[in-house]
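Some notes on the structure that comes next.
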Amino acid sequence: MSTPTAPVPSEALEAAAFRPMLRPGRWFWPLFGLLGATVLAAVGAFAYQYAEGLWVAGYSDQAFFGIYEANLVAFIGVSYGGAVVSAVLRLTHARWGAPLSRMAEAMAVVALIVGGAFAIVHLGRPERVWTIFTSPNFSSPIVWDFMAITTYLLATSLFLYLPLIPDLARARDRLARRGVRHRIYAALALRWHDLPDQRSRLSWAVTVLAILVIPLAVSVHSVLAYTFSMTTRPGWHSTIFGPYFVVGALYSGVGLVILVVAAFRRAYRLEAFIQPRHLLNLAWMMVALGLVYLYLTFSETLTAAYTATRDELPVIAALLEGPFAPAFWTFLVTGVLAPIALVALPSRRRVGVLVLAAALAVVGMWLKRLLITLPSATLPLIDEAAPWGSPVFTWVPILITLGATAAIPLGLMILFRFVPVIAIDECEQAGEEPTLTPAVRRAVPEGVAG
Amino acid sequence: MNVEQAEPLQVPPREEPKRALSRRAVLQSVAALGAGASLGGLGAAPQLVALVKGLDRVAPATPRSGPAAGMNATRRWVMVIDLRRCDGCGKCTKACQATHYLEPDQTWLKVYKLKSSAGTEYFMPRLCMHCEDAPCLRVCPVGATFKNAGGVVLVDQDKCIGCRLCMSACPYEARYFNWIEPTKRPPLAVLPTPEFPAPQRKGTVGKCTFCVHSTSHGELPSCVESCPMEAIYIGDLDADVATNGPQTVRLSTFLRDNHATRYKEELNTGPRVYYIAGHGEDAER
Chain A
24 MSTPTAPVPS EALEAAAFRP MLRPGRWFWP LFGLLGATVL AAVGAFAYQY AEGLWVAGYS
84 DQAFFGIYEA NLVAFIGVSY GGAVVSAVLR LTHARWGAPL SRMAEAMAVV ALIVGGAFAI
144 VHLGRPERVW TIFTSPNFSS PIVWDFMAIT TYLLATSLFL YLPLIPDLAR ARDRLARRGV
204 RHRIYAALAL RWHDLPDQRS RLSWAVTVLA ILVIPLAVSV HSVLAYTFSM TTRPGWHSTI
264 FGPYFVVGAL YSGVGLVILV VAAFRRAYRL EAFIQPRHLL NLAWMMVALG LVYLYLTFSE
324 TLTAAYTATR DELPVIAALL EGPFAPAFWT FLVTGVLAPI ALVALPSRRR VGVLVLAAAL
384 AVVGMWLKRL LITLPSATLP LIDEAAPWGS PVFTWVPILI TLGATAAIPL GLMILFRFVP
444 VIAIDECEQA GEEPTLTPAV RRAVPEGVAG
Chain B
505 MNVEQAEPLQ VPPREEPKRA LSRRAVLQSV AALGAGASLG GLGAAPQLVA LVKGLDRVAP
565 ATPRSGPAAG MNATRRWVMV IDLRRCDGCG KCTKACQATH YLEPDQTWLK VYKLKSSAGT
625 EYFMPRLCMH CEDAPCLRVC PVGATFKNAG GVVLVDQDKC IGCRLCMSAC PYEARYFNWI
685 EPTKRPPLAV LPTPEFPAPQ RKGTVGKCTF CVHSTSHGEL PSCVESCPME AIYIGDLDAD
745 VATNGPQTVR LSTFLRDNHA TRYKEELNTG PRVYYIAGHG EDAER
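Protein chains in written order, with the working numbering: chain A, 24 to 473; chain B, 505 to 789.
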């Protein structure tokens with residue numbers, strides 16, 4: 024082990040990061056049980072849907088896409104935010120980001136797995152999903168989706184794992200000196216002994232991954248957008264859709280990073296290492312992306328509404344003043360304008376307000392994905408006077424959506440039982456000096472940091 | 505059904521839908537642009553263009569050999585629907601559903617009651633257009649949708665994964681999903697084939713097959729047979745004939761003389777269903 028430059032803060036950091044791995048706290052198991060039960064219920068609902076057919080999810084020929092497709096975009100979208108936040112902070116050498124990187128990268132992997140699951144849940148024949156790889160038709164956007172998502176899953180997993188190696192070595196040396204846990208950490212740490220040669224190689228590899236992960240994430244979300252825009256359906260057939268989806272994903276993704284960071288900061292008492300300014304910095308990123316999203320929404324809506332062709336008008340009218348209008352304006356006001364205002368108003372920059380803004384952005388963007396999916400999938404294409412298809416939100420998709428939402432905190436809670444919630448090594452390298460408050464001193468359990 | 509083929513009449517061209525720019529050529533340019541922009545000096549542009557060239561490999565199953573192949577030449581099936589005759593009785597839909605063992609809401613042939621811009625009501629039967637450049641076929645991730653030798657777009661329900669992207673791509677609402685376990689099945693237990701997909705399979709998509717199981721041995725599709733107004737014709741672009749049962753016409757002249765149009769021609773899908781409008785119908789929309 025190298026000698027830390029600032030021994031006391033470093034020990035406090037290590038202790039705080041290791042603590043959830045040893046004693047996660049009184050609330051851990053009850054919350055674990057609650058989230059786990061929700062996920063299990065969702066799995067049960069999926070099994071029921073598989074046995075009965077997709078009608079139990081409220082689909083019909085006039086509403087063939089709905090909540091699952093919106094979830095697919097929303098969950099993969101937030102994953103994108105986690106990966107890109109971390110990659111951008113690394114590439115710009117923004118050292119303040121070091122305490123956040125682990126949570127952002129972990130969230131990227133967990134949310135991607137959950138989001139990717141919807142690519143299977145929405146299928147009529149999920150047991151045949153593997154044929155996308157064995158007999159692909161390369162002109163299909165769904166094949167592009169699967170190629171992009173699997174590549175991106177590999178990249179984000181590596182992006183989580185590589186910076187983790189020094190921390191795994193630390194766990195091997197300091198947390199579990201013998202037993203199964205020691206052997207697992209030892210295997211995963213790949214004989215890391217903090218040699219200068221190892222460090223330079225690791226730093227190179229992480230930089231390469233950080234560069235790679237950004238275009239990969241852009242590709243994943245563009246391709247998801249193409250699944251919609253490569254059809255001639257009004258509302259979907261839009262040249263702006265690729266970048267529109269990418270920005271929306273980033274906006275909601277940074278929002279979820281804020282929620283994850285704030286939650287674990289509070290739950291694992293990391294206030295000394297993650298300060299309000301960290302959350303505020305993230306919130307500024309979110310505001311910038313929200314403004315771009317607002318602009319793109321305006322641009323897209325105006326273009327369609329101005330010419331108001333026979334094809335486009337029904338969709339745009341349904342959104343602005345028709346049956347989807349309440350949801351659309353709710354999204355615009357509470358999902359974009361309110362988060363921007365909450366962060367931008369100077370007197371309001373308390374952590375609670377930032378968390379509220381982020382939560383509004385994440386939920387608002389989920390609603391927006393539903394507003395992208397539903398109108399175009401329910402619009403009659405031949406008889407303009409015909410009633411629109413009516414999607415039904417049955418308990419099956421609602422339960423599965425709740426389960427997926429619960430799976431993200433659950434996955435992170437499980438993960439941070441085994442790996443440090445804060446990148447200890449990176450924080451040391453970044454030279455972030457935490458302020459030792461009495462709360463932190465109390466948070467340091469004896470015998471851990473020794 | 506076969507007529508003399510000695511003198512070449514004005515057979516509609518064998519080529520894909522007439523247009524100055526082909527979709528494929530344009531896509532290749534786009535791919536080159538994308539490759540040039542994103543991969544730049546990596547030298548990957550040729551590979552990418554080759555990939556995009558291969559994109560449509562499943563699409564043109566229509567043989568290019570010409571009508572010289574004799575009596576066994578493959579057909580290029582089309583239908584012609586005479587909107588002047590259709591009275592919206594819906595017998596075609598019923599016959600279709602009975603033939604294919606479909607649920608009541610699975611209207612592979614659906615008769616729309618529409619209003620023209622002049623305010624008159626008319627009926628428009630809609631079946632699968634069996635497009636030359638079918639958008640559904642292009643987006644199918646596993647190639648479950650394919651074209652047979654006669655240009656008929658079929659679905660292999662043993663392959664379909666139920667992603668419904670074809671439903672989203674079809675501009676004609678012609679595809680119907682099996683949201684439930686089908687309740688109707690043929691009396692004899694035969695294995696469903698793409699040509700005769702009965703019973704339908706849960707979790708997969710189904711659509712009009714132009715009744716290839718009948719036309720392949722010289723019988724009429726059930727909609728043609730059942731139409732009391734004799735408004736629906738089945739025909740072959742190569743043999744240049746069409747028939748509604750009692751009456752057989754020379755297809756090219758019939759289409760030309762009656763100013764037949766194809767629905768949503770502007771989408772460049774090249775439908776294989778022609779409509780004859782008469783009383784102000786907006787067949788072309």
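Ideal Cβ placement from N, Cα and C applies to all residues, glycine included.
Three-state secondary structure assigned by DSSP to residue i
i	result
Ala-39(A)	helix
Ala-285(A)	helix
Lys-614(B)	strand
Met-583(B)	strand
Tyr-82(A)	coil
Cys-754(B)	The displayed chain sequence assigns Arg, not Cys, to residue 754(B). Correct three-state label for Arg-754(B): strand.
Lys-619(B)	strand
Arg-766(B)	strand
Tyr-249(A)	helix
Pro-696(B)	coil
Arg-630(B)	strand
Ala-648(B)	coil
Reference residue i; option with closest CA among the options
i	options	result
Pro-47(A)	Ala-453(A), Asp-448(A) and Val-444(A)	Val-444(A)
Ile-90(A)	Trp-418(A), Ile-363(A), Pro-159(A) and Phe-441(A)	Trp-418(A)
Arg-333(A)	Leu-293(A), Gly-258(A) and Leu-360(A)	Gly-258(A)
Leu-213(A)	Gly-454(A), Ala-446(A) and Pro-186(A)	Pro-186(A)
Cys-600(B)	Val-694(B), Arg-630(B), Thr-752(B) and Pro-691(B)	Arg-630(B)
Ser-672(B)	Ala-382(A), Leu-404(A), Leu-336(A) and Ala-453(A)	Leu-404(A)
Thr-157(A)	Ala-648(B), Glu-734(B) and Pro-639(B)	Ala-648(B)
Val-657(B)	Cys-593(B), Pro-639(B) and Trp-683(B)	Pro-639(B)
Thr-708(B)	Cys-731(B), Met-583(B) and Gln-610(B)	Gln-610(B)
Ala-285(A)	Asp-196(A), Pro-414(A), Met-126(A) and Leu-312(A)	Met-126(A)
Val-315(A)	Leu-123(A), Glu-344(A), Ala-178(A) and Ile-263(A)	Ile-263(A)
Cys-667(B)	Leu-198(A), Glu-150(A), Glu-37(A) and Ala-171(A)	Glu-150(A)
Tyr-767(B)	Glu-625(B), His-634(B), Arg-589(B) and Leu-606(B)	His-634(B)
Leu-312(A)	Ala-295(A), Val-277(A), Thr-326(A) and Leu-302(A)	Val-277(A)
Spatial distance of residue i from residue j (CA atoms)
i	j	result
Lys-617(B)	Cys-674(B)	20 Å
Gly-139(A)	Pro-725(B)	43 Å
Asn-94(A)	Ala-331(A)	29 Å
Leu-433(A)	Phe-287(A)	12 Å
Ser-756(B)	Glu-335(A)	35 Å
Ser-242(A)	Leu-112(A)	20 Å
Leu-183(A)	Ala-129(A)	6 Å
Met-583(B)	Asp-740(B)	8 Å
Pro-645(B)	Glu-677(B)	19 Å
Gly-345(A)	Val-359(A)	21 Å
Lys-598(B)	Cys-727(B)	9 Å
Exposed unless 16 or more other CB atoms sit within 10 angstroms - verdict on residue i
i	result
Tyr-329(A)	exposed
Thr-603(B)	buried
Glu-770(B)	exposed
Thr-773(B)	buried
Trp-581(B)	buried
Pro-750(B)	exposed
Leu-695(B)	exposed
Tyr-680(B)	buried
Ala-348(A)	exposed
Pro-164(A)	buried
Phe-321(A)	exposed
Leu-282(A)	buried
His-763(B)	exposed
Pro-608(B)	exposed
Gly-229(A)	Correcting the residue identity first, residue 229(A) is Val in this sequence and not Gly. Label assigned to Val-229(A): buried.
Ala-12(A)	Because chain A here runs from 24 to 473, residue 12(A) falls outside it and cannot be looked at.
Tyr-82(A)	buried
Supposed contact pair residue j and residue i - C-beta distance, whole angstroms, cut 8 Å
i	j	result
Pro-43(A)	Tyr-291(A)	5 Å
Glu-729(B)	Val-716(B)	15 Å between Cβ atoms; not a contact.
Met-436(A)	Phe-55(A)	6 Å
Val-310(A)	Ile-234(A)	So it is not a contact: roughly 26 Å between Cβ atoms.
Ser-275(A)	Gly-120(A)	Actually they do not touch by this definition, with Cβ atoms about 19 Å apart.
Tyr-103(A)	Ala-240(A)	5 Å
Cys-731(B)	Lys-614(B)	The Cβ separation is near 14 Å, so there is no contact.
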